[in-house]
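S.K.: My questions will all concern the structure given below.
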Amino acid sequence: MNTATPLGYLDSAGTRADAILPLTWYMLIVSILVCVIIGWILVRALRRSRANGGDEETRAVAVEEGPSGTHWIRNGLLISSVPLLVALVWTMVTLAAVSGPPARPALTLDVVGHQWWWEVTYDGTPAAHTFTTANEIHIPVGQRVLVRLHGADVIHSFWVPKLSGKTDTIPGQTNLSWLEARVPGVYTGPCSEYCGEQHAHMMVQVVAQSSAQFDQWFAQQLQPATAPTDSASERGAALFEYRCGACHQIRGTQAGAHAGPDLSHIAGRRTLAAGLLPNTPGTLAAWIENAHGLKPGNQMPNQNLTGGELMDVIAYLELQR
Amino acid sequence: MKSADLRIPVVGADSIAHQSRLLELWEGKPGLAGFFGSVDHKHIGVRYIVTAFVFLVLGGLEALAMRLQLAGPDRALLTPAQYDQLFSTHGMTMIFLYASPVLSGFSNYLWPLLLGSRDMAFPRLNAFGYWVYLASGIFLYVGFLTGNGPNDGWFNYVPYASAAYNPGLNEDFYSLGMVFLGISTSVGAANFIVTAFRTRAPGMSLDRLPILVWGTLTASVANLIVVPAVSLAFLMLWMDRQFGTQFFNTVGGGQPLLWQHLFWIFGHPWVYAIVLPAMGMVSDGLPVFCRRPLVGYSLVAVSTVATMILGFGVWVHHMFATGLPGIGMSFFSAASIAITLPSAVAVFAWLATIRLGKPVITTAFLFFASMILLFVIGGVSGFMTASVPVDWQLTDTYFVVAHLHYVLIGINVFPVVGAIYFWFPKMRGRLLDEKLGRWNFWTMFIGFNLCFLPMHLTGLLGMPRRVYTYAPEMGWTTLNLITSIGAFVFAIGVLLLFVNIARSWSKGKIASANPWDAPTLEWSVSSPPPPYNFALIPKVASRHPLWEGRLPAPERSSLDRGLLLDSGKETIGSTALDAHADMILEMPEDSLAPLFLSLGLAGAFAGLILKLWVVTAIFGVVLAMALLWWLWPRRALREREPAHG
Chain A
135 MNTATPLGYL DSAGTRADAI LPLTWYMLIV SILVCVIIGW ILVRALRRSR
185 ANGGDEETRA VAVEEGPSGT HWIRNGLLIS SVPLLVALVW TMVTLAAVSG
235 PPARPALTLD VVGHQWWWEV TYDGTPAAHT FTTANEIHIP VGQRVLVRLH
285 GADVIHSFWV PKLSGKTDTI PGQTNLSWLE ARVPGVYTGP CSEYCGEQHA
335 HMMVQVVAQS SAQFDQWFAQ QLQPATAPTD SASERGAALF EYRCGACHQI
385 RGTQAGAHAG PDLSHIAGRR TLAAGLLPNT PGTLAAWIEN AHGLKPGNQM
435 PNQNLTGGEL MDVIAYLELQ R
Chain B
14 MKSADLRIPV VGADSIAHQS RLLELWEGKP GLAGFFGSVD HKHIGVRYIV
64 TAFVFLVLGG LEALAMRLQL AGPDRALLTP AQYDQLFSTH GMTMIFLYAS
114 PVLSGFSNYL WPLLLGSRDM AFPRLNAFGY WVYLASGIFL YVGFLTGNGP
164 NDGWFNYVPY ASAAYNPGLN EDFYSLGMVF LGISTSVGAA NFIVTAFRTR
214 APGMSLDRLP ILVWGTLTAS VANLIVVPAV SLAFLMLWMD RQFGTQFFNT
264 VGGGQPLLWQ HLFWIFGHPW VYAIVLPAMG MVSDGLPVFC RRPLVGYSLV
314 AVSTVATMIL GFGVWVHHMF ATGLPGIGMS FFSAASIAIT LPSAVAVFAW
364 LATIRLGKPV ITTAFLFFAS MILLFVIGGV SGFMTASVPV DWQLTDTYFV
414 VAHLHYVLIG INVFPVVGAI YFWFPKMRGR LLDEKLGRWN FWTMFIGFNL
464 CFLPMHLTGL LGMPRRVYTY APEMGWTTLN LITSIGAFVF AIGVLLLFVN
514 IARSWSKGKI ASANPWDAPT LEWSVSSPPP PYNFALIPKV ASRHPLWEGR
564 LPAPERSSLD RGLLLDSGKE TIGSTALDAH ADMILEMPED SLAPLFLSLG
614 LAGAFAGLIL KLWVVTAIFG VVLAMALLWW LWPRRALRER EPAHG
């Protein structure tokens, strides 16, 4: 995986993106060749110019009927239609290969695009294995994961360049996509349909890991909230339930609202605010204090916590691994 | 018109007396009333071009502000909200207020001159079309300048454009402004179609039309078909926002995708409508500098029409990621790949014309010839996005931004600037400076490619469109800096065009009637042309009336003997296919009615945006009275007839 360009899709790491890549290269190379050839013909034709000047130089060259030249058009069309036809057939073949969702997926996810974060629900069997998280998707390497895409507010588009092409999340309909990572790694996906002020900061992270690691993560997510361990986190828990709990959920506590991202096991996530910040106690505090400075337009209201209250909330949230 | 039907038009030769009689009939009044009342297609054409260039400059400044913001990662020159209004307004401005009107301007100016006629078929409607364009442009910019510019992209997807997510006036300005502007586009298109089929000089059969006429005619037919779709969509959006209708709201049984279908069934043919006339300019201008006729005239004309017909069947390629069924998408994918072929016809025709001709390098020629390469680059990137699976990666990245700018700047701006170098001498009577022209061309060409060629790579590296900033670790920093530098170089190139025009306006070399020794009728009249265009309506016998004698042609056009038509403000009406003269058309005098009708409309729309229904009602009365004044039968027009009959 090319870490220099985390969103570049010319080096893929997933089955679906892999299948598209040869066709992309074919079309890219044909396109570049066409430009080079046409450019070469043009430059050669221009080198035959009789004069370089203005109106006098133009008038000085006599007008002539010249050869008809329609064979240029005929031959040009004939030659062009060959790579076009190849592209057409290849497109249909690739489309058939990648469009159908897997019949028996190893895992099924419901992903909802919100302004400006991703809600992710693991549709587990039994029902007790169903849980919700945000902005971070863990998948086992080498297994097909079905992604059901739903719209909550405006249109967004789910795209993990190195794993799979785009599919929109549209209110009122459910679209299907699927992921299968070939190589373990962390793959970033930006929202790719304009959705308002913070369209630029709406990243989902896909963590592809071995089955064992995935199972461990999955089991961890099913754990209830970690109880406060000291007086600071105790005050923090109370503050969270009272203030943050109006919008957020931490499973197993009084905080059970769904307006904002589910924060169960928040401390175990890699990023905050849909990929805007790395997740550390410091950035978490900065985010709660100054969400609107960091991500103008976002919907989290300022809580006006005192310095001490903030420390308490952080102490509590850092327990939620 | 009726009283003139039975009169046999007199064929004669030109004379000073004849010309002064025509001048008296055709020359506009001096002063403000003359300025605002003019229905002369040449005045209207120039107004369209100048206004379009004002909008080009505004849209360009918006682009430069965005390029400053994106020149480096995490820059905070603009707030996200400002950035969103800038990119939306930039798109709206360039696509709706520059690209289409500038071509309407050239076609308005040139068509009657190309067709051997004295004006467009409906001169007052023509003036009305311009005033509505100006008024709706100002209307949209009043929104922008008061902080209420569009903020959902030019494509304006719902639900983000709906009142729930976009409560300000932004989308109301955009919706109503687009409905308003649609009136201008529609009446302009109707006027072009009737002009093309009814006002050609005798003998100018369809197979003798300049390709520019084919291009604008095709675009006009498309506009008449598709503009209603977008006007309807914007009206429905406005009603959803203001009156609680549920066309696009899922809660009430509406469908967000309905917007996308209505928008793109308009939007994609529209793309062809803003390039086909420009391609026509190249098809007509390029051969002049190759000193030979265009290779494959008939094929190019037919492919112009074929492009548009296929163009009606490709709109879904803007929606490949919306979850539509695969079978349906395959059809649109195939159509989008197939549309490459008619476009390729023009490319090979131009290449062959240069290769088999004797090219003379002038500034106009450089703009036309370089457009071929830019067209091909924009074409092949379009071919890539036509493939559904590939598009799932490419769409909504900077690759598409690169693609659409190669198409719109490459196939619209470059030919338009070439056309200015080519036709400015006709319009102004003076040539633009060729030396400054070379600087102009090379600065624009290098700046453009520096700006937009690296953008393909930015897109392949995954940068999404419409983001107000990006993080340094994404690997897009250097490419974005190059693009920003290129944007400023390109802007300097455009500035050089204005410098050249300003310098040559009154100091440029005097142009003869036909400075380029070009073949078409506009070059047979003086530069600038007299108000009546042609003292004698010519009889056309070939595609290249001014090159006859030098090209093998069995018949000669008659330019020094023709229809006098000097018993009133008249021109000739002819049959649709073969252009046999069949009617004398009486042309209207200058009139202030179109201006007042437009003002009435502008006031009515202002009332709608402010929800002051009384204002709308009052201006509705103004509108009705202006219409009544316009349509009132004119006794004066009829009474002049017997005097000469």
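Chains as they are written, first to last, in our numbering: chain A, 135 to 455; chain B, 14 to 658.
Every residue gets a Cβ at the ideal spot worked out from N, C-alpha and C, and that includes glycine.
Run the CB neighbour count on residue 416 of chain A, radius 10 Å, all protein chains shown included, and call it buried at 16 or more, exposed below.
M.R.: For the purposes of this step, residue 416 of chain A is taken as residue 282 along the first sequence, with counting starting at 1. Exposed, since its Cβ has fewer than 16 Cβ neighbours within 10 Å.
S.K.: Measuring only the C-alpha atoms, how far is residue 56 of chain B from residue 338 of chain B?
M.R.: As a position in the second sequence, residue 56 of chain B is number 43, starting the count at 1. As a position in the second sequence, residue 338 of chain B is number 325, starting the count at 1. Roughly 51 Å separates the two Cα atoms.
S.K.: Provide the residue span of the beta strand (DSSP E) that contains residue 309 of chain A, from first to last.
M.R.: In the first sequence, counting from the first residue as 1, residue 309 of chain A sits at position 175. First-last of the beta strand (DSSP E) with residue 309 of chain A: 309–313.
S.K.: Do you know offhand how far residue 517 of chain B's Cα is from residue 506 of chain B's?
M.R.: Here residue 517 of chain B is taken as the residue at index 504 of the second sequence, counted from 1. Here residue 506 of chain B is taken as the residue at index 493 of the second sequence, counted from 1. Rounded to the nearest angstrom, the two C-alpha atoms are 17 Å apart.
S.K.: Taking C-beta to C-beta, are residue 256 of chain B and residue 376 of chain B nearer than 8 Å?
M.R.: In the second sequence, residue 256 of chain B corresponds to position 243, counting from 1. In the second sequence, residue 376 of chain B corresponds to position 363, counting from 1. No, Cβ-Cβ distance for residue 256 of chain B and residue 376 of chain B is not below 8 Å.
S.K.: Would a check of beta-carbon distances place residue 157 of chain A closer than 8 Å to chain B?
M.R.: By one-based count along the first sequence, residue 157 of chain A stands at place 23. For residue 157 of chain A, the answer is yes, since a Cβ of chain B falls inside 8 Å of its Cβ.
S.K.: Under the rule that 16 or more other beta-carbon atoms within 10 Å means buried, what is residue 429 of chain A, buried or exposed?
M.R.: Position 295 of the first sequence, counting from 1, holds the residue named residue 429 of chain A. The residue is buried, with at least 16 neighbouring Cβ atoms inside 10 Å.
S.K.: Would DSSP call residue 143 of chain A helix, strand or coil?
M.R.: By 1-based counting over the first sequence, the position of residue 143 of chain A is 9. Coil.
S.K.: Is it a yes or a no for the segment 392–399 of chain B touching the segment 160–178 of chain A, going by three-plus beta-carbon pairs under 8 Å?
M.R.: Enough Cβ pairs lie closer than 8 Å, so yes.
S.K.: For the segment 363–383 of chain B against the segment 399–418 of chain B, do three or more pairs of beta-carbon atoms, one drawn from each stretch, fall closer than 8 Å, so that the two count as touching?
M.R.: These segments do not touch.
S.K.: Do you know how far the Cα of residue 166 of chain A is from the Cα of residue 186 of chain B?
M.R.: Along the second sequence, read from residue 1 onward, the residue named residue 186 of chain B stands at position 173. Along the first sequence, read from residue 1 onward, the residue named residue 166 of chain A stands at position 32. In a straight line, the C-alpha of residue 186 of chain B is about 42 Å away from that of residue 166 of chain A.
S.K.: Leaving out five residues before and five after residue 652 of chain B in sequence, what residues of the same chain have Cβ atoms less than 6 Å from its Cβ?
M.R.: To locate residue 652 of chain B, count along the second sequence from 1; it is residue 639. With a pLDDT of 40 at residue 652 of chain B, under the threshold of 50, the modelled position of that residue is not reliable, and no figure is offered here.
S.K.: Provide the residue span of the beta strand (DSSP E) that contains residue 290 of chain A, from first to last.
M.R.: In the first sequence, counting from the first residue as 1, residue 290 of chain A sits at position 156. 290–294 is the span of the beta strand (DSSP E), which, as asked, contains residue 290 of chain A.
S.K.: Going by alpha carbons, who is nearest to residue 472 of chain B out of B/416, B/514, B/433, B/188?
M.R.: As a working note, residue 472 of chain B is residue 459 in the second sequence. The residue with the shortest Cα to Cα distance from residue 472 of chain B is B/416.
S.K.: Residues of chain B with a CB under 7 Å from the CB of residue 138 of chain A: which are they?
M.R.: Locating residue 138 of chain A in the first sequence gives position 4, counting from the first residue. Chain B residues near residue 138 of chain A: 488.
S.K.: For residue 108 of chain B, which three-state DSSP category applies?
M.R.: For the purposes of this step, residue 108 of chain B is identified with residue 95 of the second sequence, where counting begins at 1. Looking at residue 108 of chain B - three-state DSSP - the assignment turns out to be helix.
S.K.: Sort A/154, A/339, A/305 by Cα distance to residue 273 of chain A and report the nearest one.
M.R.: Counting from 1 along the first sequence, the entry for residue 273 of chain A is found at position 139. It is A/339.
S.K.: Specify the secondary structure class of residue 573 of chain B as computed by DSSP and reduced to three states.
M.R.: Here residue 573 of chain B refers to the residue found at position 560 when the second sequence is read from its first residue. Looking at residue 573 of chain B - three-state DSSP - the assignment turns out to be strand.
S.K.: Mapping the DSSP letters down to three states, classify residue 67 of chain B as helix, strand or coil.
M.R.: What you label residue 67 of chain B is simply residue 54 of the second sequence in a count that begins at 1. In this structure, residue 67 of chain B counts as helix in the three-state DSSP scheme.
S.K.: Residue 596 of chain B bridges to which residues according to DSSP?
M.R.: Translated into the one-based positions of the second sequence, residue 596 of chain B becomes position 583. DSSP, once it has assigned bridges, lists B/586 as partnering residue 596 of chain B.
S.K.: Figure out for me which residue from B/314, B/576, B/481 has the closest Cα to the Cα of residue 31 of chain B.
M.R.: By one-based count along the second sequence, residue 31 of chain B stands at place 18. Nearest of B/314, B/576, B/481 to residue 31 of chain B, Cα basis: B/576.
S.K.: Between residue 427 of chain A and chain B, is the shortest Cβ-Cβ distance under 8 Å, so that the two count as touching?
M.R.: Reading the first sequence from its first residue, position 293 is the one you call residue 427 of chain A. No, residue 427 of chain A lies away from the interface with chain B (no Cβ there is under 8 Å from its Cβ).
S.K.: Could you check where the beta strand (DSSP E) with residue 398 of chain B kicks off and where it finishes?
M.R.: Numbered from its first residue, the second sequence carries residue 398 of chain B at position 385. Premise fails: residue 398 of chain B lies in the alpha helix (DSSP H), 376–398, not in any beta strand (DSSP E).
S.K.: In chain B, which residues lie with their C-beta within 7 Å of the C-beta of residue 182 of chain A?
M.R.: Position 48 of the first sequence, counted from the first residue, corresponds to residue 182 of chain A. Near residue 182 of chain A (Cβ distances below 7 Å), the residues of chain B are 372.
S.K.: Thinking just about the alpha-carbon of each residue, which of B/554, B/214, B/238, B/232 is nearest to the one in residue 316 of chain B?
M.R.: Along the second sequence, read from residue 1 onward, the residue named residue 316 of chain B stands at position 303. Measuring from the Cα of residue 316 of chain B, the nearest candidate turns out to be B/232.
S.K.: Using the Cα positions of residue 656 of chain B and residue 579 of chain B, report the straight-line distance between them to the nearest angstrom.
M.R.: Stepping through the second sequence from its first residue, residue 656 of chain B is reached at position 643. Stepping through the second sequence from its first residue, residue 579 of chain B is reached at position 566. Residue placement at residue 656 of chain B is poorly supported in this model, since its pLDDT is 35, which falls under 50; the coordinates still yield a value, given next. Distance between the alpha carbons of residue 656 of chain B and residue 579 of chain B: 11 Å.
S.K.: Does the beta carbon of residue 135 of chain A come closer than 8 Å to any beta carbon on chain B?
M.R.: As a working mapping, residue 135 of chain A is identified with position 1 in the first sequence. Here the model assigns residue 135 of chain A a pLDDT of 41, short of 50, so the residue's position is not dependable and the matter cannot be decided.
S.K.: Could you check whether the Cβ of residue 411 of chain A sits closer than 8 Å to any Cβ belonging to chain B?
M.R.: In the first sequence, residue 411 of chain A corresponds to position 277, counting from 1. Not one chain B Cβ lies under 8 Å of residue 411 of chain A.
S.K.: Along chain B, which residues have their Cβ under 7 Å away from the Cβ of residue 226 of chain A?
M.R.: Here the question's residue 226 of chain A lines up with position 92 in the first sequence. Within 7 Å Cβ-Cβ: 343.
S.K.: Check distances from the C-beta atoms of the segment 330–363 of chain B to those of chain A and list, in chain order, the residues that come in under 8 Å.
M.R.: Under the 8 Å Cβ criterion, the segment 330–363 of chain B contributes 334, 335, 336, 339, 342, 343, 346, 347, 350, 351, 353, 354, 357, 358, 360, 361, 362.
S.K.: Taking the alpha helix (DSSP H) that residue 297 of chain B belongs to, which residues open and close that run?
M.R.: Counting from one through the second sequence, the residue named residue 297 of chain B turns up at place 284. Taken as a continuous stretch (DSSP letters only), the alpha helix (DSSP H) holding residue 297 of chain B covers 289–303.
S.K.: Would you list, in chain order, the members of the segment 315–329 of chain A that have their beta-carbon closer than 7 Å to a beta-carbon of chain B?
M.R.: Here the close residues are 324, 326, 327, 328, 329.
S.K.: Determine, using beta carbons only, whether residue 207 of chain B and residue 604 of chain B come nearer to each other than 8 Å.
M.R.: Working through the second sequence from its first residue, we reach residue 207 of chain B at position 194. Working through the second sequence from its first residue, we reach residue 604 of chain B at position 591. Taking 8 Å as the Cβ cut-off, residue 207 of chain B and residue 604 of chain B do not qualify as a contacting pair.
S.K.: Suppose only complete runs of 4+ residues qualify. What are the alpha helix (DSSP H) ranges in the segment 144–229 of chain A, listed by chain order?
M.R.: Runs found: 149–180, 189–194.
S.K.: Please work out which residues of its chain come closer than 8 Å, Cβ to Cβ, to residue 260 of chain A, disregarding the five sequence neighbours upstream and downstream, and give them in chain order.
M.R.: Walking along the first sequence from the start, residue 260 of chain A turns up at place 126. Result list for residue 260 of chain A: empty, nothing under 8 Å.
S.K.: Pair every Cβ in the segment 290–310 of chain A with every Cβ in the segment 60–70 of chain B, then say whether three or more of these pairs are closer than 8 Å.
M.R.: Counting Cβ pairs under 8 Å, fewer than three are found: no touch.
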